[in-house]
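Residue numbers (numbering that gives the first Met the number 0): 0 to 138.
We treat Cβ as the ideally placed atom computed from N, Cα and C, and that holds for glycine.
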Amino acid sequence: MTLSIYLNFNGNCREAFEFYRSVFGGEFENIQTFGDGPDDFVVPEDERDHVMHVSLPVGDSVLMGSDTPSWSPEPTQAGNNFSISYSPATREETDELFGKISEGGTVTMPLEDMFWGAYFGSCTDRFGISWQLNCEPPE
Numbered sequence: 000m001t002l003s004i005y006l007n008f009n010g011n012c013r014e015a016f017e018f019y020r021s022v023f024g025g026e027f028e029n030i031q032t033f034g035d036g037p038d039d040f041v042v043p044e045d046e047r048d049h050v051m052h053v054s055l056p057v058g059d060s061v062l063m064g065s066d067t068p069s070w071s072p073e074p075t076q077a078g079n080n081f082s083i084s085y086s087p088a089t090r091e092e093t094d095e096l097f098g099k100i101s102e103g104g105t106v107t108m109p110l111e112d113m114f115w116g117a118y119f120g121s122c123t124d125r126f127g128i129s130w131q132l133n134c135e136p137p138e
């Protein structure tokens, strides 16, 4: 179970993470573009190379990020450009925690099975903090 920070950018995520990698060292665990998504994932041509997800280990934690796509309902700006990501061990724990953390807040993406293999959802809690819960299936 991991608690990480997830950063959002307006098209310069790759540049920012190359900088963070130069500061902290190491290699990306994962980097995918919107163009790497499934065939039915419709992406404007000028956003296909934007980062859909990147993760960089930093010490005992992982710094993650992505570019905000143009079809996002809310543009990225200072104050909404980060969220806390938590990876519960089971779907049941994910359901329980998501219900609690989203109570009195706003569900921005209901929990569902995602194309990358995880059970994922996001919300903003009643204090205005954005959360992502990402339950990976056991290997």
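Spanning the alpha carbons of Phe119 and Trp130 requires a straight line of approximately 11 Å. Burial state of Ser101 is buried, judged by a 10 Å Cβ sphere holding 16 or more other Cβ atoms.
One thing to note: Asn80 has its Cβ within 8 Å of the Cβ of Asn7.
Taking all protein chains in view, the Cβ of Thr105 is surrounded by fewer than 16 other Cβ atoms within 10 Å, so the residue is classified as exposed.
When the five nearest sequence neighbours on each side are left out, the beta carbons in the same chain lying within less than 6 Å of the beta carbon of Ser121 are those of Thr107, Met108 and Gln131, in order along the chain.
In this structure Val50 is buried. Its beta-carbon is surrounded by 16 or more other beta-carbon atoms within 10 angstroms. A Cβ-Cβ distance of about 33 Å is found for the pair Gly25 and Pro72, leaving them out of contact under the 8 Å criterion. Runs of the alpha helix (DSSP H) spanning 4 or more residues and lying entirely within the stretch 45-103 occur at 90-101, in chain order. A distance below 7 Å between beta-carbons, with the five flanking residues on each side excluded, links Ser60 to the following residues of its chain, in chain order: Ser3. As the crow flies, the alpha-carbon of Pro43 is around 13 Å from that of Asp66. Taking Thr75 as the centre and dropping the five residues before and after it, the same chain places the C-beta of Asn7, Phe8, Asn9 and Thr67 closer than 7 Å to its C-beta, in chain order.
A direct Cα-to-Cα measurement between Gly103 and Arg125 gives close to 5 Å.
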